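Beneath this line is the structure, given in structure tokens, with notes to follow.
Numbering (the working numbering), first residue to last: 5 to 102.
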């Protein structure tokens with residue numbers, strides 16, 4: 005099982021999660037949203053629609069995939085899902101802003 009860390013001070017403060025190095029970014033997004041909304045990961049699709057209706061999970065995972073045993077590519081990507089602006093960067097940091 006993977007773990008993430010979360011910080012949340014108020015509803016207006018962005019929620020930040022750090023994915024485990026072995027965790028895919030799409031899994032990290034789902035875990036972050038599930039934790040922030042108190043909705044089980046399995047129920048997210050019923051509650052908010054499947055993630056793939058918003059972004060291609062395979063494309064997200066491969067966007068920052070390790071290349072030749074080096075660090076992930078540089079950059080970040082943002083999209084809306086479950087009422088949040090979701091930002092994911094090359095380090096596995098997932099930020100949810102309401």
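A virtual CB, placed ideally from N, CA and C, is assigned to each residue, including glycine.
No experiment lies behind these values; they were computed from the predicted model shown.
By DSSP, does residue i sit in helix, in strand, or in coil?
{"i": "residue 58", "result": "coil"}
{"i": "residue 35", "result": "helix"}
{"i": "residue 41", "result": "helix"}
{"i": "residue 24", "result": "coil"}
Given this structure, state the Cα-to-Cα distance separating residue i from residue j, to the nearest angstrom.
{"i": "residue 79", "j": "residue 95", "result": "9 Å"}
{"i": "residue 18", "j": "residue 57", "result": "23 Å"}
{"i": "residue 91", "j": "residue 32", "result": "11 Å"}
{"i": "residue 46", "j": "residue 53", "result": "11 Å"}
{"i": "residue 44", "j": "residue 66", "result": "25 Å"}
Does the beta-carbon distance from residue i to residue j come in below 9 Å?
{"i": "residue 37", "j": "residue 100", "result": "yes"}
{"i": "residue 59", "j": "residue 21", "result": "no"}
Any beta carbon of chain D sitting closer than 9 Å to that of residue i?
{"i": "residue 50", "result": "Among the protein chains of the structure shown there is no chain D, as only one such chain exists."}
Just to check my reading of the structure: residue i and residue j have Cβ atoms closer than 8 Å, yes? What is that Cβ distance to the nearest angstrom?
{"i": "residue 64", "j": "residue 29", "result": "5 Å"}
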